[in-house]
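Just so you know, the sequences run in chain order A and B. Residue 601 is where the first sequence starts when you use this note's numbering, and the numbers rise one by one after that. Residue 727 is where the second sequence starts when you use this note's numbering, and the numbers rise one by one after that. We put the beta carbon where it would ideally sit given N, CA and C, even for glycine. Quantities reported herein were computed from a predicted structural model and do not represent experimental measurements. Please read the structure below before turning to the comments.
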Amino acid sequence: MQPEPLFTQRFEIEGKDFRNAGKASATVKTILREIGLPPAIVRRAAIAAYEAEMNVVLYARKGTLELKVSPSEIRMMFEDQGAGIADIGLAMQEGYSTASEEIREMGFGAGMGLPNIKKNSDLFRIDSSVGRGTVLDITIRV
Amino acid sequence: MGEYFHSVRVNEALCDGRMACLKSCPAEAIRVRNGKAAIIEDRCIDCGECARACQRDAIVPQTSSFTDFARFKYTIALPSPVLYGQFRKEVLPRIILAGLRKIGFDDSCDVACASEAASIAIDEFLASYHGPLPLLSPFCPTVVRLIQARFSNLIDHLIPIDSPMEIAAREVKNRKAKELGLRRDQIGVIYLTPCPPKMVAIKYPPRKRYSHVDGAIAISDIYLPLLSAIAELNAELPNDNEPVRGIGLGWPVLGGQVSSLRSESSLAVGGLGDVERILEEIENGKLGDVQYVECQACPQGCCGGSLTVENPYFARSKILSLVARFGSTPCQNRDKIRDLYQKNYFSLPGRIASRPFAPLDKDISKAIEKKRLIQERWETLPQIDCGACGAPTCRSFAEDVVMERAALEECVVLATRRVGLSPPKVGLA
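Structure, rendered in structure tokens:
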């Protein structure tokens, strides 16, 4: 049997690089659109990708996004080297945020990022260790 | 995808293949093949940037010419208020309207007053709207086309209010038909346009079956005759009692719509790049606390349109001085407009269709495979986006090769390597 076709692309995301913040998720959106996935699915993936990318930019030194697109699902794996999350349960609550004054001043840190990612994905896994970093594994079914 | 009207076309006889247009296109819709530019129809978003970039005038705006209107018994010029900013400060709108009658139109009609009506209608719409925010202005045809192509999730954010051009055209056509005892189809309403894309709004109004406007002439095409007519008139007409007035005068400049509204949480964005960025943000669920976003493809708003004559910054200052002098006296009765709004006089029915770019393949499995091949191909290319192959970027060339629209041999940089010449000192080693 033929293996399922698979498109993969890897993105590097720099922490605190606000000039390029949002570019990876915008590229993800373009790719999904070119492939011809339905707009509603593209939008969910784009929102999840954007929130996760901004988390890396805001809270980590750097990170990577591994995008995998198959006919059945979109999978996005974010891995960052950053502070990590001490209490994931708390971080998943809407409105909870550890963002600094500075970050809030920029219009981020409303505590909706992770809940929003979860809301827009079909499968969502988060692993984090304090002082090392965070892994997000996001799957959206096609 | 079928036939779709575009507001610019390549005149191959004039095209010298110098590729200024290639890089100017924000949609990567141009390819230069055999020394001639060609527009990929279903990618074009009608921004007209290519026509602006071409030094040879080989990209021709598809506006009307005077002879197109010979079939009408009576013609009415409907100038975009941008025209008011194209002359010296002393030349007031009513002199310009008189000048239009002098150069051969049977009548002329102000549009700024219809802009004021549209502003009031938008106020009313915003006041009773409870759906997702922000709402988007639907008046720049390029922005509408961009949303149809790339932001289909935002189509319902486009406010369903008719454009000032249509409001004014309908009103004057009905009034004149009655006055003169003519049928509506015997009266030609001709828009004087600052940009080619308005032709798209006239030929294919996004929500309607037909437009009340019968064609459009470029402001740059009537400028000279109008200028001499105005010079003759200026002596005859006294300068007081300007009848063209109201806040709608400000619509030609970026932010003119926003400042005519009551809403305090609206903003204006000009320039396709910034419009795209803000639409991305809105699609990502941001800006939900903003009520209305005025989106203009041209950075200075309509007075920066490619078919205007005056420097857009001068034009802007003239428009603003008109607003300062005549903007605060309303030309519409708010209660009357409100009443008409309640009767759906300004509302547009139906939904704007999305027109997404064609995907790489209709079959998702095949599309994914093609995307993979494009990525692979791109990695072998010089990645300097030189354009010598006739595609604007190495990525679009990789796509053209995989889609069999171009041959890999057309890459000049790879070709020099292949024959053992030292390649240009650019890109990957």
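Problem - Alpha carbon of residue 1086 (chain B) to alpha carbon of residue 1097 (chain B), nearest angstrom - result: Here residue 1086 (chain B) refers to the residue found at position 360 of the second sequence. Here residue 1097 (chain B) refers to the residue found at position 371 of the second sequence. Separation of residue 1086 (chain B) and residue 1097 (chain B) (C-alpha to C-alpha, rounded to the nearest whole angstrom) is 7 Å.
Exercise for the section: Identify, in the order they occur along the chain, each residue of the same chain with its Cβ nearer than 6 Å to the Cβ of residue 714 (chain A), setting aside the five sequence neighbours on each side. Expected result: Looking up residue 714 (chain A) in the first sequence gives position 114. Correct list, in chain order: 691 and 692.
Handout entry: chain B within 8 Å of residue 635 (chain A), Cβ atoms only
Key = As a working note, residue 635 (chain A) is residue 35 in the first sequence. Residue 635 (chain A) counts as touching chain B.
Practice task
Return the CA-CA distance between residue 731 (chain B) and residue 1080 (chain B), expressed in angstroms with no decimal places.
Solution key: Locating residue 731 (chain B) in the second sequence gives position 5, where the first residue counts as 1. Locating residue 1080 (chain B) in the second sequence gives position 354, where the first residue counts as 1. Distance between the alpha carbons of residue 731 (chain B) and residue 1080 (chain B) is about 16 Å.
Exercise for the section: Look at the alpha carbon of residue 717 (chain A) and the alpha carbon of residue 1137 (chain B), and state the distance between them as a whole number of angstroms. Expected result: Position 117 of the first sequence, counting from 1, holds the residue named residue 717 (chain A). Position 411 of the second sequence, counting from 1, holds the residue named residue 1137 (chain B). If I take the Cα positions, the gap works out to 42 Å.
Problem - Residue nearest to residue 1076 (chain B) in terms of C-alpha spacing, selected from B:886, B:796, B:829 and B:876 - result: For this step, residue 1076 (chain B) is matched to residue 350 along the second sequence. From the listed residues B:886, B:796, B:829 and B:876, the smallest Cα separation to residue 1076 (chain B) is found for B:886.
Handout entry: Assigned secondary structure, residue 681 (chain A) (DSSP; H/G/I helix, E/B strand, else coil)
Key = For the purposes of this step, residue 681 (chain A) is identified with residue 81 of the first sequence, where counting begins at 1. DSSP, reduced to helix, strand and coil, places residue 681 (chain A) within a strand of the structure shown.
Exercise for the section: Starting from the Cα of residue 1061 (chain B), find the closest Cα among B:798, B:846 and B:750 and give me that residue. Expected result: Taking the second sequence and counting its residues from 1, the one referred to as residue 1061 (chain B) is at position 335. Per the Cα distances, B:846.
Problem - residue 1058 (chain B) versus residue 840 (chain B) - alpha carbon distance - result: Residue numbering aside, residue 1058 (chain B) sits at position 332 when the second sequence is read from its first letter. Residue numbering aside, residue 840 (chain B) sits at position 114 when the second sequence is read from its first letter. Straight across, the Cα-Cα distance linking residue 1058 (chain B) with residue 840 (chain B) is about 8 Å.
Handout entry: Buried or exposed by the 16-neighbour rule on C-beta atoms within 10 Å, applied to residue 617 (chain A)
Key = As a position in the first sequence, residue 617 (chain A) is number 17, starting the count at 1. Flag for residue 617 (chain A) reads exposed.
Exercise for the section: Ignoring anything shorter than 4 residues or poking outside the stretch 798 to 830 of chain B, list the alpha helix (DSSP H) runs there in chain order. Expected result: Qualifying alpha helix (DSSP H) stretches, in chain order: 819 to 828.
Handout entry: Cβ-based burial, residue 922 (chain B) [other Cβ within 10 Å; buried from 16]
Key = As a working note, residue 922 (chain B) is residue 196 in the second sequence. Residue 922 (chain B) sits buried, since 16 or more C-beta atoms from the chains shown fall within 10 Å of its C-beta.
Exercise for the section: Name, in chain order, the residues that DSSP records as bridge partners for residue 734 (chain A). Expected result: Here residue 734 (chain A) corresponds to residue number 134 of the first sequence, with the count starting at 1. Paired residue(s): A:680 and A:728.
Problem - Three-state secondary structure (DSSP) of residue 762 (chain B) - result: Sequence index remark: in the second sequence, residue 762 (chain B) carries index 36 (1-based). Residue 762 (chain B): strand per DSSP, three-state reduction.
Problem - the stretch 805 to 821 of chain B contacting the stretch 1037 to 1051 of chain B, beta-carbon criterion three pairs below 8 Å - result: Enough Cβ pairs lie closer than 8 Å, so yes.
Exercise for the section: Kindly say whether residue 603 (chain A), judged by its beta-carbon, lies nearer than 8 Å to any beta-carbon of chain B. Expected result: Residue 603 (chain A) sits at position 3 when you count from the first residue of the first sequence. By this cut-off, residue 603 (chain A) is not an interface position.
Practice task
Could you tell me which of A:660, A:658, A:712 and A:663 sits nearest to residue 648 (chain A), measuring between CA atoms?
Solution key: Within the first sequence, the letter at position 48 stands for residue 648 (chain A). Between residue 648 (chain A) and the set A:660, A:658, A:712 and A:663, the nearest pair of CA atoms involves A:712.
Exercise for the section: State yes or no: is the beta carbon of residue 710 (chain A) nearer than 8 Å to at least one beta carbon in chain B? Expected result: Here the question's residue 710 (chain A) lines up with position 110 in the first sequence. Closer than 8 Å: no.
Problem - Chain-ordered residues of the stretch 834 to 857 of chain B with a beta carbon less than 9 Å from chain A - result: If the cut-off is 9 Å between Cβ atoms, the stretch 834 to 857 of chain B has nothing near chain A.
Exercise for the section: Examine chain B for any beta-carbon lying closer than 8 Å to the beta-carbon of residue 669 (chain A), and answer yes or no. Expected result: On the first sequence, residue 669 (chain A) is found 69 positions in, with the first residue counted as 1. Contact with chain B is found for residue 669 (chain A), since one of that chain's Cβ atoms lies less than 8 Å from the residue's Cβ.
Practice task
Can you give me the Cβ contacts of residue 1111 (chain B) inside the same chain, cut-off strictly under 6 Å, excluding the 5 residues immediately before and after it?
Solution key: One-based indexing of the second sequence puts residue 1111 (chain B) at position 385. For residue 1111 (chain B), where only same-chain residues beyond five positions count, the Cβ hits under 6 Å are 1119 and 1120.
Problem - Whole-angstrom distance between residue 628 (chain A) and residue 1158 (chain B), CA atom to CA atom - result: Nothing can be reported for residue 1158 (chain B): it is not among the residues displayed for chain B, which extend from 727 to 1155.
Problem - Selected residue, minimal CA-CA separation from residue 968 (chain B), among B:1147, B:819, B:801 and B:737 - result: Counting from 1 along the second sequence, the entry for residue 968 (chain B) is found at position 242. The shortest Cα separation from residue 968 (chain B) among B:1147, B:819, B:801 and B:737 belongs to B:819.
Handout entry: Short CB-CB distance (under 8 Å) between residue 678 (chain A) and chain B
Key = Within the first sequence, numbered from 1, the residue matching residue 678 (chain A) stands at position 78. No, its Cβ sits nowhere closer than 8 Å to a Cβ of chain B.
Problem - CA-to-CA distance, residue 643 (chain A) to residue 1011 (chain B), given in whole angstroms - result: For the purposes of this step, residue 1011 (chain B) is taken as residue 285 along the second sequence, with counting starting at 1. For the purposes of this step, residue 643 (chain A) is taken as residue 43 along the first sequence, with counting starting at 1. The alpha-carbon atoms of residue 1011 (chain B) and residue 643 (chain A) are separated by roughly 10 Å.
Practice task
Please list, in chain order, all residues of the same chain as residue 721 (chain A) whose beta carbon is under 8 Å from its beta carbon, the five residues on each side excluded.
Solution key: Taking the first residue of the first sequence as 1, we reach residue 721 (chain A) at position 121. Residues 644, 648, 738, 739 and 740 of the same chain have their beta carbon placed closer than 8 Å to that of residue 721 (chain A), with the five preceding and five following residues left out of the count.
Problem - Beta-carbon contacts of residue 780 (chain B) that lie in its chain and below 7 Å, excluding the five residues immediately before and after - result: Taking the second sequence and counting its residues from 1, one reaches residue 780 (chain B) at position 54. If the five residues before and after residue 780 (chain B) are omitted, its C-beta is found closer than 7 Å to the C-beta atoms of 746 and 747, all from its own chain and listed in chain order.
Practice task
Would you list, in chain order, the members of the stretch 878 to 895 of chain B that have their beta-carbon closer than 8 Å to a beta-carbon of chain A?
Solution key: With the criterion set as a beta carbon lying under 8 Å from some beta carbon of chain A, the members of the stretch 878 to 895 of chain B are 878 and 879, in sequence order.
Practice task
Leaving out five residues on either side along the sequence, give the residues of the same chain with a beta carbon under 8 Å from the beta carbon of residue 798 (chain B).
Solution key: By one-based count along the second sequence, residue 798 (chain B) stands at place 72. Excluding sequence positions up to five before and after residue 798 (chain B), its CB lies within less than 8 Å of the CB of 912, 913, 914 and 940, all in the same chain and listed in chain order.
Practice task
State the start and end residues of the unbroken alpha helix (DSSP H) segment that holds residue 748 (chain B).
Solution key: Numbered from 1 along the second sequence, position 22 holds the residue referred to as residue 748 (chain B). Element bounds for residue 748 (chain B): 746 to 750.
Exercise for the section: Pick out the complete alpha helix (DSSP H) segments inside the stretch 1106 to 1140 of chain B, 4 residues or longer, and give them in chain order. Expected result: Entirely contained in the stretch 1106 to 1140 of chain B, the alpha helix (DSSP H) runs reaching 4 residues are, in chain order, 1120 to 1128.
Problem - Alpha carbon of residue 688 (chain A) to alpha carbon of residue 668 (chain A), nearest angstrom - result: By one-based count along the first sequence, residue 688 (chain A) stands at place 88. By one-based count along the first sequence, residue 668 (chain A) stands at place 68. Put simply, the backbone Cα of residue 688 (chain A) is about 25 Å away from that of residue 668 (chain A).
Exercise for the section: For chain A, find out if any of its Cβ atoms is closer than 8 Å to the Cβ of residue 755 (chain B); answer yes or no. Expected result: Numbered from its first residue, the second sequence carries residue 755 (chain B) at position 29. Under the 8 Å criterion on CB atoms, residue 755 (chain B) is classed as non-interfacial with respect to chain A.
Practice task
Give the residues from the stretch 1087 to 1117 of chain B that approach chain A closer than 9 Å (Cβ to any Cβ), ordered along the chain.
Solution key: Look at the stretch 1087 to 1117 of chain B: the residues with a C-beta under 9 Å from a C-beta of chain A are 1087, 1088, 1089, 1090, 1091, 1092, 1093, 1094, 1095, 1096, 1097, 1098, 1100 and 1101.
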